[in-house]
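**Student:** Before I ask anything, let me first share the structure, which is written out below as structure tokens.
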Amino acid sequence: MKYWLIKSEGSCYSIADLQKDGTTAWTGVRNYQARNFMRDEMKVGDLVLFYHSNGDTEAPAGIYGIAKVSGLAHADMTAFDPKDEHYDARAAELNVDGKAPVWVCADVAFMRAFDKPVSLAEIKLDPKLSGMLVAKRGQRLSVMPVSEKHFRRIKELRP
DNA sequence: GCCAACGTTGGC
DNA sequence: GCCAACGTTGGC
4 MKYWLIKSEG SCYSIADLQK DGTTAWTGVR NYQARNFMRD EMKVGDLVLF
54 YHSNGDTEAP AGIYGIAKVS GLAHADMTAF DPKDEHYDAR AAELNVDGKA
104 PVWVCADVAF MRAFDKPVSL AEIKLDPKLS GMLVAKRGQR LSVMPVSEKH
154 FRRIKELRP
């Protein structure tokens with residue numbers, strides 16, 4: 004079993020949206036490294052920290068809850084939809100009957116939302132969370148692995 | 001294959 | 001809104 008962190012702008016798709024939807028296809032990832040994590044390593048049952056980026060003082064950037072991988076990576080249809088904000092003309096051209104999608108998405112299911120997020124500031128201050136990728140300077144991956152140790156610590160902070 | 005220019009992300 | 005960091009593009 005692996006552990007992950009996925010990022011979303013809270014104003015775009017929040018943990019509350021996931022709670023409402025139950026499950027969602029994690030579409031819109033347009034970075035090869037992030038895609039490869041989803042396509043090659045994410046397995047059903049893996050646990051996922053749900054991170055909101057671009058926060059403000061009211062709702063700071065940080066981890067807002069926990070989700071679970073509920074479906075293996077499959078074609079991200081938003082890449083083929085010219086009306087979608089994540090449309091990728093080149094990927095659409097390369098695609099043959101949906102058989103060779105450039106972009107994929109795994110499905111994630113809501114598990115729980117934290118009463119209070121574990122903010123980025125809190126992550127940086129906690130010695131037991133040192134080395135967490137998300138707190139690394141310049142780290143912009145929207146899907147990234149999390150160590151079991153760090154995952155357990157997050158759960159310990161929000162039991 | 002190098003690298004400058006550009007666009008995007010995301011913390012502050 | 002600023003700007004540093006990074007990925008991608010495209011000229012050569």
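To convert a position in the first sequence, counted from 1, into my numbering, add 3. Ideal Cβ positions, reconstructed from N, Cα and C, are used throughout, including at glycine.
Using DSSP with H/G/I as helix, E/B as strand and the rest coil, what is D43?
**Tutor:** helix
**Student:** So within the region 87-155, which uninterrupted beta strand (DSSP E) runs reach at least 3 residues, ignoring any that extend past its ends?
**Tutor:** 107-122 and 146-149
**Student:** Where do the ends of the alpha helix (DSSP H) carrying A19 lie?
**Tutor:** I18 to D24
**Student:** Applying the 10 Å Cβ sphere with the 16-neighbour rule, what's the burial state of Y54?
**Tutor:** buried
**Student:** Beta strand (DSSP E) containing S73: first to last residue?
**Tutor:** Where S73 is concerned, the enclosing beta strand (DSSP E) stretches over G65 to A78.
**Student:** Can you tell me where the beta strand (DSSP E) with K5 in it begins and where it stops?
**Tutor:** Looking at the DSSP string, K5 is not in any beta strand (DSSP E), and its letter there is neither H nor E.
**Student:** What residue range is occupied by the uninterrupted beta strand (DSSP E) comprising S14?
**Tutor:** It is not in any beta strand (DSSP E) - S14 carries neither H nor E in the DSSP assignment.
**Student:** Where does R143 land, buried or exposed, given buried means 16+ other C-beta within 10 angstroms?
**Tutor:** exposed
**Student:** Put T30 into one of helix, strand or coil per three-state DSSP.
**Tutor:** When DSSP states are grouped into helix, strand and coil, T30 belongs to the coil group.
**Student:** Please determine, among A103, G74 and L52, the residue with the shortest C-alpha to C-alpha distance to E151.
**Tutor:** Out of A103, G74 and L52, L52 has the C-alpha closest to the C-alpha of E151.
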